[in-house]
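Numbering (the working numbering), first residue to last: 598 to 807.
Cβ atoms here follow ideal geometry from the backbone N, Cα and C, with glycine treated the same way.
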Amino acid sequence: MTGTGVILAELLVVLLIATYTFGFDLSQYLRDQAAISANLVQQILNGNPMLPGMNWTAEDTQRLGTMMIGKVPYVLILTSFLLAVITHALTRPALSSLDVPVRKMKPAREWRLPRALIWYYLLAIVFEWVAMSSDSSWVQAVSVSMLPLIHACFIIQTIGFIYFWTHSRNMSPVIAVLLSLVVLVFQPLRIIGIIDLAFPLREAITRSKK
Numbered sequence: 598m599t600g601t602g603v604i605l606a607e608l609l610v611v612l613l614i615a616t617y618t619f620g621f622d623l624s625q626y627l628r629d630q631a632a633i634s635a636n637l638v639q640q641i642l643n644g645n646p647m648l649p650g651m652n653w654t655a656e657d658t659q660r661l662g663t664m665m666i667g668k669v670p671y672v673l674i675l676t677s678f679l680l681a682v683i684t685h686a687l688t689r690p691a692l693s694s695l696d697v698p699v700r701k702m703k704p705a706r707e708w709r710l711p712r713a714l715i716w717y718y719l720l721a722i723v724f725e726w727v728a729m730s731s732d733s734s735w736v737q738a739v740s741v742s743m744l745p746l747i748h749a750c751f752i753i754q755t756i757g758f759i760y761f762w763t764h765s766r767n768m769s770p771v772i773a774v775l776l777s778l779v780v781l782v783f784q785p786l787r788i789i790g791i792i793d794l795a796f797p798l799r800e801a802i803t804r805s806k807k
């Protein structure tokens with residue numbers, strides 16, 4: 598988590614320098630990309646005789662731009678987390694060979710998030726309902742970013758449960774990796790992580806094994 602925070606801070610500093618030194622406007626850039634995507638979609642609609650009368654409106658382009666801007670916090674945080682994990686995995690063996698002590702990451706089977714995440718999830722759903730009928734860009738940005746982040750947390754919880762379950766059944770780690778890939782592809786399986794947070798599934802598995 599510390600590594601994620603440091604990398605996130607670095608990304609924000611780079612964005613700040615790009616904004617005030619080079620005049621880079623991330624918001625306008627994303628709106629321009631939304632306009633380019635809208636033109637491509639409109640060309641596809643115009644060239645498809647099976648979709649007569651379908652048009653991409655200016656309101657659709659505006660909504661797409663707002664959604665892309667709202668995704669920025671989610672992308673920054675998720676990118677920081679992935680970079681922290683990859684960096685730790687690559688540098689720890691090198692530092693250990695130089696007799697520099699670096700703590701291991703927790704095994705995936707021990708990955709567990711706070712149960713309070715369930716309440717944050719309910720709050721995010723409420724925010725999404727409010728955003729549907731609100732013209733506030735702040736509320737829409739919170740809604741667009743908050744729910745995907747919590748979904749990503751549930752996916753991490755699901756992967757942790759999979760590793761715990763396969764380890765308790767003395768299965769090959771390869772099976773855990775394959776099942777984790779399935780969770781990443783079919784993200785609705787994150788409901789397993791929700792259930793694991795809400796109910797003591799791991800304790801039940803441990804008791805049944807005994």
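If one requires a minimum length of 4 residues, the alpha helix (DSSP H) runs lying completely within the stretch 732–786 are 734–765 and 770–782, in chain order. Under a 10 Å Cβ-count criterion, residue 790 is classified as buried, with 16 or more other Cβ atoms of the shown protein chains found around its own Cβ.
Rounded to the nearest angstrom, the Cβ distance from residue 762 to residue 715 is 20 Å, too far for a contact under 8 Å.
Taking a C-beta distance under 8 Å as the contact criterion, residue 604 and residue 680 qualify as a contact pair. When rounded, the separation of the alpha-carbon atoms in residue 746 and residue 693 is 33 Å.
For residue 657, the enclosing alpha helix (DSSP H) covers residues 655–667.
Less than 8 Å separates the beta-carbon of residue 781 from that of residue 752. Taking residue 779 as the centre and dropping the five residues before and after it, the same chain places the C-beta of 786 closer than 8 Å to its C-beta, in chain order. Spatial neighbours of residue 615 in its own chain (CB-CB distance under 7 Å, excluding positions within 5 residues in sequence) are listed in chain order as 621. In terms of CA proximity to residue 792, 710 leads the group 770, 710, 602 and 638.
At a Cβ-Cβ threshold of 8 Å, residue 749 and residue 794 do not count as neighbours.
Our two residues, residue 618 and residue 660, have alpha carbons roughly 29 Å apart in a direct line.
A distance below 6 Å between beta-carbons, with the five flanking residues on each side excluded, links residue 721 to the following residues of its chain, in chain order: 743, 744 and 747.
Residue range 714–729 is occupied by the alpha helix (DSSP H) that includes residue 724. Per DSSP, the unbroken alpha helix (DSSP H) holding residue 794 starts and ends at 788–795.
Residue state for residue 690 is assigned as helix, using DSSP reduced to three classes.
Closest in alpha carbon position to residue 700, among 685, 708, 624 and 713, is 685. The beta carbon of residue 624 sits closer than 6 Å to the beta carbons of 666 from its chain, once the five residues preceding and following it are set aside; these are given in chain order.
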